[in-house]
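Here the structure comes first, spelled out in structure tokens, and everything after it is commentary.
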Ligand code: ADP
Ligand code: MG
Ligand code: MG
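In UniProt numbering, the protein residues as written are 1 to 532.
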């Protein structure tokens, strides 16, 4: 494969003279720290201290046309994910084998089932009255008609549960808030087109710091005397975009006293990224208060009010923004799972609600790549074609003919693939020759249905300086590869999408030899695309 790998052009001539390099590195670290492009240290943790986040000194080249394509397709992906999340049959069918063997996805799925069945018992035929967030006063329901909620006599929220017989189609809750990030790498093995690595529906991070890095790279290019190059750094409003989504959901909830709650890990390393969202929300909408709680806090102190309001420490929660809950380690015991169920049962608008979380699994990504799958959700063939173009090869390892073929492909040519479980947050995949060993080992076990096989993407290399805390004053030039993330916001219910936006981007870059480059996980560095 190596001989096929291309090099992207250098954005500025490198190497820089050593004296200039030392000076700009020193400045850039201070810029990063002083603008919150920072994190808490994992090795030397203190709540009172920050370290700058690893970064790439000079923005990396990225093909302009492919960047534009990634932006454009986000609206279609938002629509697609929203519809997938609300398609009970598709989710159930896609995940039915996986949930038998993957305990984590199984637990999520059980919550999904529970709230669905409770939804069916909660509502019925005819006209119903119930309150939402203490403000909604009346509700009418007619068979086959949309249920309309009238909020406080002023604001009309359509919450769209269509009554089909006695059964609510889709998911019995008001609105969902999707804060998505679709990730791509340019594939030099397929004529330099972008291919989607994955799409995240939970804890899509780095909109906060990522937005700052765009400003950072403007500064660096100016410092290096290249002001004329700034026009090639695309504008980035990811932070404001995601916060607008949360504020919009908060308005839909309709109680001005209710808060936005960030559901957080026990220890937050990526604190700046999260706090930027919190501070931005207050700036954009001064009435909104943000609180932060862990799953354990929720388990210990949260409850549901008489109208299923989510209550914690004297606050009613309008919107939950999950920055935790995406990996098994976040659930220390059954009580954290119970807390997840409690939140799901509540009226709070969740990002993600459980069906959005399930729609973001790798297994669903793979199922969507099957022939005919996209057509179930996107009626426009042009949209279908556009999405197909960004999919890399994705293969199920189920016990059927296609699954057996995939197993054989992985054994014959392991380096062509990445093996992925149903996990988020980086560091879970299998690469290289280990794909063969892993597949051989799981071949005869049910466990294989918890994994998917994905064609490996080979991004072109760029050469640059990576700056990390504790690194040398004179960084060495290294070969690197980049992964672009595009943020999308989608709000809607089972019937309708009311808000669909592409809001910005982030670029993560890792040394070319590393399989994965999570910034939070410690291998990647923050970067910006320099369009060529
Ligand atoms: P996670 O949800 O844990 O972030 P990803 O699917 O994004 O899972 O995989 C983690 C990382 O692994 C990616 O950021 C990328 O660096 C690498 N990776 C994933 N899929 C591929 C692929 N098909 N080809 C090459 N690298 C990949
Ligand atoms: Mg990822
Ligand atoms: Mg992910």
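Each residue gets a CB set at the ideal place from its N, CA and C atoms; glycine is no exception.
In this chain, the beta strand (DSSP E) harbouring residue 315 covers 315 to 322.
Linking residue 322 to residue 343 through their CA atoms gives a straight-line distance of about 11 Å.
Remark: C-beta atoms of residue 410 and residue 439 approach each other more closely than 7 Å. No heavy atom of ligand 3 is found nearer than 6 Å to the CB of residue 228. According to the DSSP assignment, residue 497 belongs to the beta strand (DSSP E) that extends over 497 to 511. Under the three-state reduction of DSSP output, residue 396 falls in the strand class.
Looking at the DSSP output, residue 455 sits in a beta bridge with 417.
Within its own chain, the residues whose Cβ lies closer than 8 Å to the Cβ of residue 327, once the five positions on either side in sequence are excluded, are 104, 423, 424, 425, listed in chain order. In the DSSP assignment, residue 70 falls within the alpha helix (DSSP H) that extends over 64 to 85. Contiguous alpha helix (DSSP H) elements confined to the segment 4 to 44 occur at 18 to 34, taking only those with 4 or more residues.
Every residue whose Cβ sits closer than 6 Å to any heavy atom of ligand 3 is listed here in chain order: 198, 200, 424.
Spanning the alpha carbons of residue 339 and residue 348 requires a straight line of approximately 13 Å. Collapsing the DSSP output to three states places residue 244 in a helix. Within the same chain, and ignoring the five residues on either side of residue 308 in sequence, the residues whose Cβ sits closer than 6 Å to its Cβ are 346, 347. Rounded to whole angstroms, the gap between the alpha carbons of residue 295 and residue 403 is 37 Å. In the three-state reduction of the DSSP assignment, residue 237 falls in the coil class, being assigned neither a helical nor a strand state.
Under the 10 Å beta carbon count, residue 313 is surrounded by fewer than 16 other beta carbons and is classified as exposed. Ranked by how close their Cα comes to the Cα of residue 504, the residues 117, 67, 474 have 67 in first place.
For residue 110, the shortest separation between its Cβ and any heavy atom of ligand 1 does not lie below 6 Å. Cβ-Cβ separation between residue 58 and residue 12: approximately 6 Å, consistent with a contact (criterion under 8 Å). Here the distance from the Cβ of residue 183 to the nearest heavy atom of ligand 2 is below 6 Å.
Residue 104 sits in a helix when the DSSP states are folded into three classes.
Short of 8 Å from the beta carbon of residue 84, and not among the five residues preceding or following it, lie these beta carbons of its own chain, in chain order: 90, 91, 359, 364, 368, 377. Of the residues 449, 519, 242, the one whose Cα lies closest to the Cα of residue 395 is 449. For residue 480, the beta-bridge partners assigned by DSSP are 462, 511. Between residue 392 and residue 457, the beta carbon gap of about 6 Å places them in contact (Cβ cut-off 8 Å). Spanning the alpha carbons of residue 496 and residue 253 requires a straight line of approximately 17 Å.
Rounded to whole angstroms, the gap between the alpha carbons of residue 464 and residue 472 is 15 Å.
Our two residues, residue 286 and residue 257, have alpha carbons roughly 12 Å apart in a direct line.
Here residue 499 has 245, 248, 489, 490, 491, 492 as same chain residues with Cβ atoms under 8 Å from its own Cβ, once five neighbours each way along the sequence are excluded.
Contact between the segment 298 to 307 and the segment 221 to 241 is absent: fewer than 3 CB-CB pairs across the two stretches fall below 8 Å. In this model, residue 507 and residue 180 are separated by some 15 Å (Cα to Cα). Counted as a single uninterrupted DSSP element, the alpha helix (DSSP H) harbouring residue 212 occupies residues 207 to 223. Residue state for residue 352 is assigned as coil, using DSSP reduced to three classes. With respect to the C-alpha of residue 233, the residue from 217, 114, 243 having the closest C-alpha is 217.
Across the set 77, 6, 298, 183, the C-alpha of 77 shows the shortest separation from the C-alpha of residue 386.
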